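Q: All residue numbers for the sequence shown refer to full-length UniProt numbering, where the first residue is 1 and numbers rise by one.
Sharing a structure below in C-alpha cells format, with a few things to ask.
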Amino acid sequence: MTKPMGDCTLRMFEEWRKQRNGEVVIKIEISKEFHKLTADIIATTAFGSSYAEGIELCRSQTELEKYYNASLNKVFIPGTQYLPTPTNIKLWELDKKVKNSIKRIIDARLKSKCKTYGYGDDLLGAMLNAAKSNEHERMMRMDEIIEECKNFYYAGQGTISLALTWTTMLLSLHQDWQEKLREEVFNECGKDKIPDSDTLSKLKLLNMVLMESLRLYGPVIKMSREATQDMKVGHLEIPKGTSIIIPFLKMHTDKAMWGEDTEQFNPLRFVNGISQAAIHPNALNAFSIGPRACIAKNFAMIEAKTVLTMILQQFRLSLSPEYKHTPVDHFNLFPQYGLPVMLQPLDSSS
C-alpha cells in the first residue's frame, strides 16, 4: 500500500520543484498541497481512479465542504433545508456533481471486470463484488455504494490532510524534533527509498510525534453520541435519547489526565505507548475507541507516516513569517489562514 502512496507523494514533490525557479528556498502553502495529495492517494488506493479524476473530485468535495461548514454557523430552523434558497441550491448542485464524478469511476470499473479479480481488490472493488454477489442476503444498491464512496472519500482525505498539516506545523516550529526524525528516517529508510510497512513500524520517534500532534491538534475535536437506552455512567443518570458531546480537545489537554505540561509539545510522553502516556489508558481519543472507532485508522497512520518520511528525506521545513497561528473549528480543526512554510531541499541541486 505504501508504494502508490509514495508515487503520489513524488508527484507532489515534482510540482514543488517546478515552482522553485532557481530559488534555494521556496514558500509553499502546504495545507492546500496536503489536501490535493490526500485526494490523489484516496482516489488511487481506494477507488483506482486517475490523478485527474481524483483532483476533479477533490475540487467538488472541497467546495461542498465549504458551503456545508458555512451552514453550520447559521441558526437551524427545521424544514429550511428543503427550501430552494441560494445556499441550498448550490449545495444540491455540488452534491450532484460529486455523485456524478463517483458514478463515472464506478461505471468504468463495472466495464473493466475481469474473471480473476472481479471488480478489483481495493475498497471500490470490494463493495462492487459484494453488491453483485448472490451469496449476500441483501445486496448494496448503487446509490448506497455512491454514498459509501462519498463518506470514505471525505474521511480519507480531509482528516488525514489536517493531521499532516498540524504535524508539519509542529515539526517546523520544533527544529530539534525535525532533526531527530530525519536521523531516524535516514537510519531506517535511507535518503530516497519509499518506505514499506516494515520500515514504518521501526520509526518509533515518528509515531510518538504523530501521537502528540493528534493530542494537541487532532483534526476531529469532538464527537456526538445518542443514548439508545437509559443508562448510568459513574454517578450520572443518562436518559434514553440524550445527545452527548465528547470534547476530544478538552480531554487531550486536561491537566488532571496528562500532567502540568499538557499544553507543551512533548512526544516523549508516548515513549511507552499510548496506554501509558496518561493516567487513563484511553486518554487519547484521536480515532475514538470501541466498535465505532475509525475504520480507517491503520490506513491513515500508514499514509501520514509515508508522506512525512518522504518529506523528511528530501526537505527541511520552517514556518513562513506570514504564518498566523489561528486554529478554528469548522467541524474539524483547520488553520484559518493556512500553513505557509519554507521548503529547502536537502540537496539544493535537486
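Cβ atoms here follow ideal geometry from the backbone N, Cα and C, with glycine treated the same way.
If you're wondering where the values come from, they're calculated on a predicted model, not measured in any experiment.
Where Arg11 and Pro4 are concerned, what is the direct C-alpha to C-alpha distance, given to the nearest angstrom?
A: If I take the Cα positions, the gap works out to 11 Å.
Q: Bridge partners for Val328 per DSSP, in chain order?
A: In the DSSP output, where bridge partners are listed per residue, Val328 has Phe334.
Q: May I ask you to report which of helix, strand or coil DSSP gives Ser350?
A: A caution first: Ser350 carries a pLDDT of 46, below 50, which makes its placement in the model unreliable, though a value can still be read off. In the structure shown, Ser350 sits in coil (DSSP, three-state: anything other than H, G, I, E or B).
Q: In chain order, which beta strand (DSSP E) runs of at least 3 residues are fully inside the region 227 to 258?
A: Counting only runs of 3 or more, we get 231 to 233, 236 to 238, 243 to 246.
Q: Go through its chain and collect everything with a Cβ distance to Asp7's Cβ below 7 Å, but skip five positions before and after it.
A: Nothing meets the Cβ criterion.
Q: Where Ser350 and Ser60 are concerned, what is the direct C-alpha to C-alpha distance, given to the nearest angstrom?
A: Interpretation of Ser350 is limited by its pLDDT of 46, a score under 50 that renders its predicted location unreliable; the figure taken from the coordinates is listed afterwards. Rounded to whole angstroms, Ser350 to Ser60 spans 34 Å at the Cα level.
Q: What does the alpha-carbon distance come out to for the pair Lys324 and Leu339?
A: If you take the alpha carbons of Lys324 and Leu339, they lie about 8 Å apart.
Q: Does the Cβ of Ser275 have 16 or more other Cβ atoms within 10 Å, making it buried, or fewer, making it exposed?
A: Ser275 comes out exposed.
Q: What are the boundary residues of the beta strand (DSSP E) that Gln264 is part of?
A: Careful: Gln264 lies outside any beta strand (DSSP E) and carries neither H nor E.
Q: Are the Cβ atoms of Leu37 and Thr168 separated by less than 8 Å?
A: Going by C-beta atoms, Leu37 is not nearer than 8 Å to Thr168.
Q: Inspect the beta-carbon positions of Leu91 and Tyr67 and report whether they are closer than 8 Å.
A: Contact: yes.
Q: Is the Cβ-Cβ distance between residue 351 and Leu206 less than 8 Å?
A: Nothing can be reported for residue 351: it is not among the residues displayed for the chain, which extend from 1 to 350.
Q: Taking the alpha helix (DSSP H) that Ile41 belongs to, which residues open and close that run?
A: Here the alpha helix (DSSP H) through Ile41 covers 30 to 47.
Q: Here's a check: name, in chain order, each residue in its chain whose Cβ is nearer than 6 Å to the Cβ of Trp166, leaving out the five neighbours to either side.
A: Cβ within range, chain order: Ser213, Tyr217.
Q: Quick one: what's Ser224 bridged to in DSSP?
A: Note: Ser224 sits in a beta bridge opposite Ile245.
Q: Exposed or buried, Ile106, counting other C-beta atoms within 10 Å across all chains shown (16 or more means buried)?
A: Buried, because 16 or more other Cβ atoms sit within 10 Å of the Cβ of Ile106.
Q: Given 8 Å as the limit, is there contact between the region 140 to 158 and the region 295 to 312, that is, 3 or more CB pairs closer than that?
A: These segments touch.
Q: On the three-state DSSP scale, how would you describe Gln344?
A: Correct three-state label for Gln344: strand.
Q: For Gln313, does the count of other Cβ atoms within 10 angstroms reach 16, so buried, or fall short, so exposed?
A: Looking at its Cβ environment, which holds 16 or more other Cβ atoms inside 10 Å, Gln313 is buried.
Q: Give, in chain order, every unbroken run of the alpha helix (DSSP H) that is at least 4 residues long and sits entirely within the region 266 to 326.
A: Within the region 266 to 326, the complete alpha helix (DSSP H) runs of at least 4 residues are 297 to 314.
Q: Among Arg215, Cys189, Ile311, whose alpha-carbon lies nearest the alpha-carbon of Leu203?
A: Of the candidates Arg215, Cys189, Ile311, the one whose C-alpha sits nearest the C-alpha of Leu203 is Cys189.
Q: Among Phe186, Pro239, Tyr337, whose alpha-carbon lies nearest the alpha-carbon of Asp230?
A: When each option's Cα is compared against that of Asp230, the closest is Pro239.
Q: Exposed or buried, Asn73, counting other C-beta atoms within 10 Å across all chains shown (16 or more means buried)?
A: Result: exposed.
Q: So, Ile145 versus Ala126, is the Cβ gap smaller than 8 Å?
A: No.
Q: Please confirm if the region 240 to 253 is in contact with the region 220 to 229, defined as three or more CB-CB distances below 8 Å between the two stretches.
A: At 8 Å Cβ cutoff, the stretches touch.
Q: Please list the terminal residues of the continuous alpha helix (DSSP H) segment that includes Ala163.
A: First-last of the alpha helix (DSSP H) with Ala163: 160 to 173.
Q: Taking the CB atoms as reference points, tell me whether Arg43 and Leu124 lie closer together than 8 Å.
A: Reading off the sequence shown, one finds Ala at residue 43, where the question assumed Arg. No, Cβ-Cβ distance for Ala43 and Leu124 is not below 8 Å.
Q: So Val271 packs on Met208, CB below 8 Å; how close in whole Å?
A: 7 Å between Cβ atoms; contact.
Q: Any idea if Met310 is buried or exposed, counting beta-carbon neighbours within 10 angstroms, 16 or more meaning buried?
A: Met310 comes out buried.
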